[in-house]
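Asker: Using my numbering, the letters of the sequence shown correspond one by one to residues 89 to 424.
Before I ask anything, let me first share the structure, which is written out below as structure tokens.
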Amino acid sequence: MVLLDWLNTGSMNTARYEHTASLLADGQVLVTGGRYNSSSYLDDSELYDPTTRTWTTTGSMNYVRRSHTASVLTSGKVLVTGGFNGLQRLTSAELYDPSTGNWTFTGNMSYSRAGHTASILANGSVLVTGGRSGSFANTTELYDPSTEIWTTTGSMNDARRDHTASVLSNGQVLVTGGSGNSGFLNSAELYDPSTGNWTITDNMTDTRYYHTATVLADGKVLVTGGLINAAPINRAELYDPSAGTWTPTSDMNSGRQLHTASILTNGKVLVIGDSNRADLYDPLTGNWTMTDNMNHVRSGHTASVLTNGIVLVTGGLELDIALNTSELYQLSEKNE
Numbered sequence: 089m090v091l092l093d094w095l096n097t098g099s100m101n102t103a104r105y106e107h108t109a110s111l112l113a114d115g116q117v118l119v120t121g122g123r124y125n126s127s128s129y130l131d132d133s134e135l136y137d138p139t140t141r142t143w144t145t146t147g148s149m150n151y152v153r154r155s156h157t158a159s160v161l162t163s164g165k166v167l168v169t170g171g172f173n174g175l176q177r178l179t180s181a182e183l184y185d186p187s188t189g190n191w192t193f194t195g196n197m198s199y200s201r202a203g204h205t206a207s208i209l210a211n212g213s214v215l216v217t218g219g220r221s222g223s224f225a226n227t228t229e230l231y232d233p234s235t236e237i238w239t240t241t242g243s244m245n246d247a248r249r250d251h252t253a254s255v256l257s258n259g260q261v262l263v264t265g266g267s268g269n270s271g272f273l274n275s276a277e278l279y280d281p282s283t284g285n286w287t288i289t290d291n292m293t294d295t296r297y298y299h300t301a302t303v304l305a306d307g308k309v310l311v312t313g314g315l316i317n318a319a320p321i322n323r324a325e326l327y328d329p330s331a332g333t334w335t336p337t338s339d340m341n342s343g344r345q346l347h348t349a350s351i352l353t354n355g356k357v358l359v360i361g362d363s364n365r366a367d368l369y370d371p372l373t374g375n376w377t378m379t380d381n382m383n384h385v386r387s388g389h390t391a392s393v394l395t396n397g398i399v400l401v402t403g404g405l406e407l408d409i410a411l412n413t414s415e416l417y418q419l420s421e422k423n424e
């Protein structure tokens, strides 16, 4: 029997893009918010059960949101922050409790944000960086799950939105690229949780936003694609935390933006989106290979690695139409 790389699975109850997807402790995936079209923003949430491969609705958030963040806390609850509701960017944050299926308000952030990042630190607190408020933001703040209180921490050297934030093996957080007051950025900087300060590190080779950043098994960070001006690029590069430098690696087979990058159980990185094409990066060789195409063109979708190693892809845009479809990527003999 031939194993196909991509398999259609249950469709979500609501078509959406610019949403979030979070892997819960019980193996289910929580999808929140996003939008259906340019003017229809969503507050609803739903759960994917990998055992039955079906979706069920769960409690709705208190606000409609897109371009927000969702972080699974050590308690198992999910913290959602900020985003845009069609009228304004939000300071509000709320918590989803998987045991009840309900959302409750938690402390508001100090600043409204959309297009920001949220990272779980080693001590369980959540670092939120940048985004757009009235203007591009360089502010950052920390959420303490035990008190549900936000406190400001050091400001980044560059204001930025649509950037990436990666927690390194040493506990520091690497922020890369995005768009800011001076245009599109190639700058990168490091946050040290022990001091609350940011330091500049080596610039990327390319300016980019709407890109991805993935921490590899060896601790290096793979950055892929994104936009330069309005053009998606296929270039990729590696950050070495021990040296604090960037080096180019081989190019993807096509340019991408608003895509996703997922680490598979074999250490390879699956990159999808901005088309139906899928690429695999092998850190051992530094090379890209094409794998089977997805069943749909997608951008602004999500990709979640399930506990069984299969990748769940949800929603996104196909030819300017929001999708409710989902599909699964699994390792087969030809792509291992």
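We put the CB at the ideal spot given by N, CA and C, even for glycine.
These numbers come from a predicted model, not from an experiment.
With three or more beta-carbon pairs closer than 8 Å as the criterion, would you say the region 207-218 touches the region 251-271?
Answerer: With the cut-off at 8 Å, the region 207-218 and the region 251-271 touch.
Asker: How would you label residue 193, buried or exposed, when you count the other beta carbons within 10 angstroms and need 16 or more for buried?
Answerer: By the 10 Å Cβ count, residue 193 comes out exposed.
Asker: Can at least three beta-carbon pairs, one atom from the region 212-229 and one from the region 153-171, be found at a separation below 8 Å?
Answerer: As far as the Cβ criterion goes, the region 212-229 touches the region 153-171, which means the pair count is three or higher.
Asker: Output needed for residue 142: all residues of its chain with C-beta closer than 8 Å, excluding positions within five of it in sequence on either side, in chain order.
Answerer: Excluding sequence neighbours, residue 142 sits near 98, 136.
Asker: For chain C, check one thing: does any of its Cβ atoms lie closer than 9 Å to the Cβ of residue 285?
Answerer: As a matter of chain content, chain C is missing from the structure shown, which is built from one protein chain.
Asker: Buried or exposed: residue 321, going by 16 or more other Cβ atoms within 10 Å of its Cβ?
Answerer: Classification for residue 321: buried.
Asker: Do you know whose CA, among 333, 243, 402, 185, lies nearest residue 199's CA?
Answerer: It is 243.
Asker: Let's test the definition: count the other Cβ atoms within 10 Å of the Cβ of residue 181 and tell me whether it reaches 16, buried, or not, exposed.
Answerer: With 16 or more other Cβ atoms within 10 Å, it is buried.
Asker: Does residue 336 pass the burial test, meaning 16 or more other C-beta atoms within 10 Å, or should it be called exposed?
Answerer: The residue in question, residue 336, is exposed, as its Cβ has fewer than 16 Cβ neighbours within 10 Å.
Asker: Grouping DSSP H, G and I as helix and E and B as strand, with all else coil, what is residue 96?
Answerer: DSSP places residue 96 in strand when its eight states are reduced to three.
Asker: Using the Cα positions of residue 126 and residue 331, report the straight-line distance between them to the nearest angstrom.
Answerer: Looking at the two C-alpha atoms, the distance is approximately 43 Å.
Asker: In three-state terms, what does DSSP make of residue 305?
Answerer: Correct three-state label for residue 305: coil.
Asker: Hey, how far is the Cα of residue 313 from the Cα of residue 404?
Answerer: If I take the Cα positions, the gap works out to 18 Å.
Asker: Taking 6 Å as the limit between beta carbons, can you name the residues of its chain near residue 392, skipping five residues before and five after?
Answerer: Result list for residue 392: 109, 111, 117, 400, in chain order.
Asker: Can residue 278 and residue 289 be called in contact, C-beta distance under 9 Å?
Answerer: Against a cut-off of 9 Å, the Cβ pair of residue 289 and residue 278 comes out as a contact.
Asker: Hey, would you say residue 265 sits closer than 9 Å to residue 214, going by beta carbons?
Answerer: Not a contact, by the Cβ cut-off of 9 Å.
Asker: Thinking C-alpha only, which one of 380, 402, 407 is nearest residue 415?
Answerer: Here the closest residue by C-alpha is 402.
Asker: Flag this pair as yes or no: are the beta carbons of residue 269 and residue 301 separated by less than 9 Å?
Answerer: For residue 269 and residue 301, no; Cβs fall outside 9 Å.
Asker: Can you tell me the Cβ-Cβ gap for residue 350 and residue 357, rounded? I've got them flagged as a contact below 8 Å.
Answerer: That belief holds up - the Cβ atoms of residue 350 and residue 357 are roughly 7 Å apart, short of 8 Å.
Asker: Closer than 7 Å by C-beta to residue 89: which residues in its own chain qualify, once you throw out the five before and the five after it? Chain order, please.
Answerer: Residue confidence for residue 89 is low, a pLDDT of 33 falling below 50, so the modelled location carries little weight and cannot support an answer.
Asker: If you measure from the CB of residue 179, is any heavy atom of the ligand NAP nearer than 8 Å?
Answerer: Absent from the structure shown: the ligand NAP. Ligands present: none.
Asker: With a cut-off of 8 Å on the beta carbons, I'd call residue 389 and residue 348 a contact; round off their distance for me.
Answerer: So it is a contact: roughly 7 Å between Cβ atoms.
Asker: Is it the case that the Cβ atoms of residue 231 and residue 267 are separated by a distance below 9 Å?
Answerer: Cβ atoms of residue 231 and residue 267: not closer than 9 Å.
Asker: Quick one: measure Cβ to Cβ for residue 146 and residue 189, integer angstroms, because I've assumed they're closer than 8 Å.
Answerer: At roughly 4 Å, the Cβ-Cβ gap stays under 8 Å, so residue 146 and residue 189 are in contact.
Asker: May I have the straight-line CA-CA distance separating residue 373 from residue 341, to the nearest angstrom?
Answerer: About 16 Å.
Asker: How many angstroms separate the CA atom of residue 409 from the CA atom of residue 100?
Answerer: Answer to the nearest angstrom: the Cα atoms are 15 Å apart.
Asker: Provide the residue span of the beta strand (DSSP E) that contains residue 185, from first to last.
Answerer: Taken as a continuous stretch (DSSP letters only), the beta strand (DSSP E) holding residue 185 covers 181-185.
Asker: Any idea if residue 225 is buried or exposed, counting beta-carbon neighbours within 10 angstroms, 16 or more meaning buried?
Answerer: With 16 or more Cβ atoms within 10 Å of its Cβ, residue 225 is classed as buried.
Asker: Taking all protein chains shown into account, decide if residue 360 is buried (16 or more other Cβ within 10 angstroms of its Cβ) or exposed.
Answerer: Label assigned to residue 360: buried.
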